[in-house]
Amino acid sequence: MQVQYDVIIAGGGMVGATLACLLGKAGKRVAVLEAHSPSVFSPEDPYDLRVSALSRASQRALLDAGAWEGIAARRAFPYEVMHVWDATGSGEIRFDAADLGEPDLGHIVENRVIQLALLDTLQSLDGVDWYCPDKLVTLLVDEQRITVTLHSGQILQAQLLVGADGAQSKVRELAGIGISTQDYGQKGLVCVAQTEFPHQFTAWQRFMPSGPVAFLPLAEGFCSIVWTLPADQADAMLRLSDSDFCRELSQALDYRLGEVIAVGERAAVSLRGRHADSYSQERVVLVGDAAHTIHPLAGQGVNLGIKDALELVAQIRHTTGDCGSPKVLRAYERARRGDNILTQKAMEGFRLLFGNTLTPWKILRNSGLTVVNRMGFLKYEMAKRAMGI
């Protein structure tokens with residue numbers, strides 16, 4: 001028996017679930033396929049390793065999706081200031097929400113919290129069905145519809161299949177869409193740490209030749225750490241004792257928050273840039289990490305994915321007919337591809353610029369940070385763009 005939908009979304013993570021909620025609220029009939037539900041949440045739980053720095057634009061999207069209230073009721077921490085500096089000189093730049101007339105620059109939120117709040121909304125919408133645990137096995141496209149078979153044996157049909165199933169996208173593979181990959185030779189080491197001095201509602205980031213380290217503020221004096229290192233150095237850091245690692249981490253941030261006095265579980269993931277050769281194929285479209293992944297140094301990955309979701313919803317809402325028509329898919333790709341490539345290349349440029357130890361480059365980047373920090377208009381135009389406002 002075949003079940004009919006307007007849109008099938010493979011992947012119920014942050015981007016896929018946001019898309020599902022927005023489409024459901026727009027009156028579309030939607031199926032969401034997800035292999036694993038997020039684990040239940042308790043306020044007493046320790047902070048998760050996986051967090052996202054949500055921009056103000058992403059917050060608004062999650063508010064429109066009906067999930068922000070559920071996020072705030074669980075755990076979300078605003079940051080009001082971002083302070084970035086170069087370890088090899090005196091250059092620094094500081095963004096303050098107060099100077100923009102905004103209450104904050106964004107929020108640090110655990111990925112699981114975002115997913116759970118979206119799932120609450122998704123399951124409350126009459127037009128959205130949640131297939132979990134289940135996953136895509138095959139797809140078949142004809143002129144009118146796309147037919148997918150699930151691992152459970154269920155067969156679904158729709159006008160459009162969305163791949164929101166991450167960097168190793170099965171949808172992308174089955175659709176025959178190629179992807180370009182660049183291995184950065186680095187790993188992102190993540191953990192949650194407690195510092196001697198309060199973080200002051202500030203996101204701290206220090207750029208070193210080996211890679212940036214970021215301390216992202218959480219409640220009760222904790223910080224979420226994202227430390228980019230050459231792969232072998234990251235592996236060595238994982239093997240250190242807690243006391244030795246705390247000392248290395250304190251030094252990495254130049255003791256701006258005093259000593260790191262406690263640290264939890266540590267993990268490291270290889271960093272690669274990816275970009276799909278195309279965002280769409282006949283009745284198939286990619287969003288989020290299925291279409292692109294970028295270097296995490298500015299924390300823009302999930303924000304780009306949510307912008308993808310918003311644009312696809314806008315294009316679908318603008319059509320009165322077929323959700324999966326070539327017109328809709330071409331318009332979506334035109335709107336999103338340039339922004340995603342620009343952001344990806346900018347992050348790679350920052351990585352190379354701050355990783356260069358030659359004296360002329362040190363002078364260039366330090367003087368550049370200092371000049372931009374003094375140019376209020378330029379600095380805050382940059383901040384507004386990053387916030388999506």
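For the sequence shown, the positions run 1 to 389 when UniProt numbering is used.
Positions of the beta carbon are idealized from the N, C-alpha and C atoms, including for glycine.
The structure displayed is predicted, hence computed values, not measured ones.
Can you give the beta carbon distance from residue i to residue j, rounded, assuming they're within the 8 Å contact cut?
{"i": "Phe201", "j": "Tyr79", "result": "6 Å"}
{"i": "Trp204", "j": "His83", "result": "5 Å"}
{"i": "Tyr5", "j": "Ala158", "result": "4 Å"}
{"i": "Val148", "j": "Ile8", "result": "6 Å"}
{"i": "Val190", "j": "Val109", "result": "Not really, about 15 Å apart at Cβ, beyond 8 Å."}
{"i": "Arg74", "j": "Leu116", "result": "7 Å"}
{"i": "Ile71", "j": "Val30", "result": "Not quite, the Cβ-Cβ distance comes to about 21 Å (not below 8 Å), so this is no contact."}
Quick check on residue i: buried or exposed, where buried means 16 or more other Cβ atoms within 10 Å of its Cβ?
{"i": "Ala281", "result": "Reading the sequence as shown, one finds Gln at residue 281 and not Ala. That one is buried."}
{"i": "residue 390", "result": "Residue numbering for the chain in the displayed model covers 1 to 389; residue 390 lies beyond these limits and cannot be assessed."}
{"i": "Asp254", "result": "exposed"}
{"i": "Gly91", "result": "buried"}
{"i": "His199", "result": "buried"}
{"i": "Pro38", "result": "buried"}
{"i": "Gly301", "result": "buried"}
{"i": "Met237", "result": "buried"}
{"i": "Leu342", "result": "exposed"}
{"i": "Asp242", "result": "exposed"}
{"i": "Gly211", "result": "buried"}
{"i": "Leu23", "result": "buried"}
{"i": "Thr293", "result": "buried"}
{"i": "Pro103", "result": "exposed"}
{"i": "His295", "result": "buried"}
{"i": "Asp289", "result": "buried"}
{"i": "Ala10", "result": "buried"}
{"i": "Ser224", "result": "buried"}
{"i": "Ser367", "result": "exposed"}
{"i": "Ala219", "result": "exposed"}
{"i": "Gln344", "result": "buried"}
{"i": "Arg374", "result": "exposed"}
{"i": "Pro217", "result": "buried"}
{"i": "Thr181", "result": "exposed"}
{"i": "Asp308", "result": "buried"}
Determine, using beta carbons only, whether residue i and residue j come nearer to each other than 9 Å.
{"i": "Val15", "j": "Val128", "result": "no"}
{"i": "Lys25", "j": "Ile316", "result": "no"}
{"i": "Met387", "j": "Ala57", "result": "yes"}
{"i": "Leu119", "j": "Ala252", "result": "no"}
{"i": "Leu49", "j": "Glu348", "result": "no"}
{"i": "Leu19", "j": "Leu378", "result": "no"}
{"i": "Asn340", "j": "Ala291", "result": "yes"}
{"i": "Asn303", "j": "Leu54", "result": "yes"}
{"i": "Arg206", "j": "Ala346", "result": "no"}
{"i": "Ile146", "j": "Ser278", "result": "no"}
{"i": "Val260", "j": "Tyr47", "result": "no"}
Can you list, in chain order, the residues of its chain with a C-beta nearer than 6 Å to that of residue i? Leave out the 5 residues immediately preceding and following it.
{"i": "Glu34", "result": "Gly12 and Cys132"}
{"i": "Val3", "result": "Leu156"}
{"i": "Glu143", "result": "none"}
{"i": "Thr370", "result": "Gly91"}
{"i": "Ala97", "result": "Glu80, Asp104 and Leu105"}
{"i": "Ile389", "result": "Arg56"}
{"i": "Lys170", "result": "Leu136"}
Tell me which residues share the same chain as residue i and place their Cβ nearer than 7 Å to its Cβ, disregarding the 5 neighbours each side in the sequence.
{"i": "Phe197", "result": "Leu257 and Gly258"}
{"i": "Lys187", "result": "Leu229, Ala231, Ala234, Ala268, Val269, Ser270 and Leu271"}
{"i": "Asp183", "result": "Arg272"}
{"i": "Ile306", "result": "Val15, Thr18, Ser58 and Ala61"}
{"i": "Arg337", "result": "Tyr279"}
{"i": "Arg172", "result": "Gly163, Ile179, Ala276, Leu286 and Ala290"}
{"i": "Phe215", "result": "His199, Trp204, Cys223, Ile225, Leu253 and Leu257"}
Only counting the same chain, and skipping five residues up and downstream in sequence, which positions put a Cβ closer than 8 Å to that of residue i?
{"i": "Leu240", "result": "Glu248"}
{"i": "Thr138", "result": "Val148, Thr149 and Leu174"}
{"i": "Cys21", "result": "Ala65, Gly66, Ala67, Leu118, Thr121, Leu122, Leu125 and Val128"}
{"i": "Met1", "result": "Ile155"}
{"i": "Thr319", "result": "Ser325, Lys327 and Val328"}
{"i": "Gly221", "result": "Gln194, Thr195, Pro198 and His199"}
{"i": "Val213", "result": "Gln205, Arg206, Ile225, Val226, Trp227, Thr228, Leu249, Ala252 and Leu253"}
{"i": "Cys246", "result": "Ala193, Glu259, Val260, Ile261, Ala262 and Val263"}
**OP:** For the stretch 59 to 66 and the stretch 114 to 132, state whether three or more C-beta atom pairs, one from each stretch, are separated by less than 8 Å.
**Re:** Yes: at least three Cβ pairs fall under 8 Å.
Original post:
When the Cβ atoms of the stretch 323 to 336 are set against those of the stretch 29 to 44, are three or more pairs found closer than 8 Å?
Top reply: Touching, no, given that fewer than three Cβ pairs across the two stretches are closer than 8 Å.
Original post:
How do the stretch 277 to 294 and the stretch 160 to 178 stand: do at least 3 beta-carbon pairs fall below 8 Å, yes or no?
Top reply: Look at the beta carbons and you see the stretch 277 to 294 touching the stretch 160 to 178: at least three pairs across the two are nearer than 8 Å.
Original post:
Is the stretch 261 to 276 close to the stretch 305 to 324, with three or more CB pairs under 8 Å?
Top reply: With a cut-off of 8 Å, the stretch 305 to 324 and the stretch 261 to 276 do not count as touching, because too few Cβ pairs lie within range.
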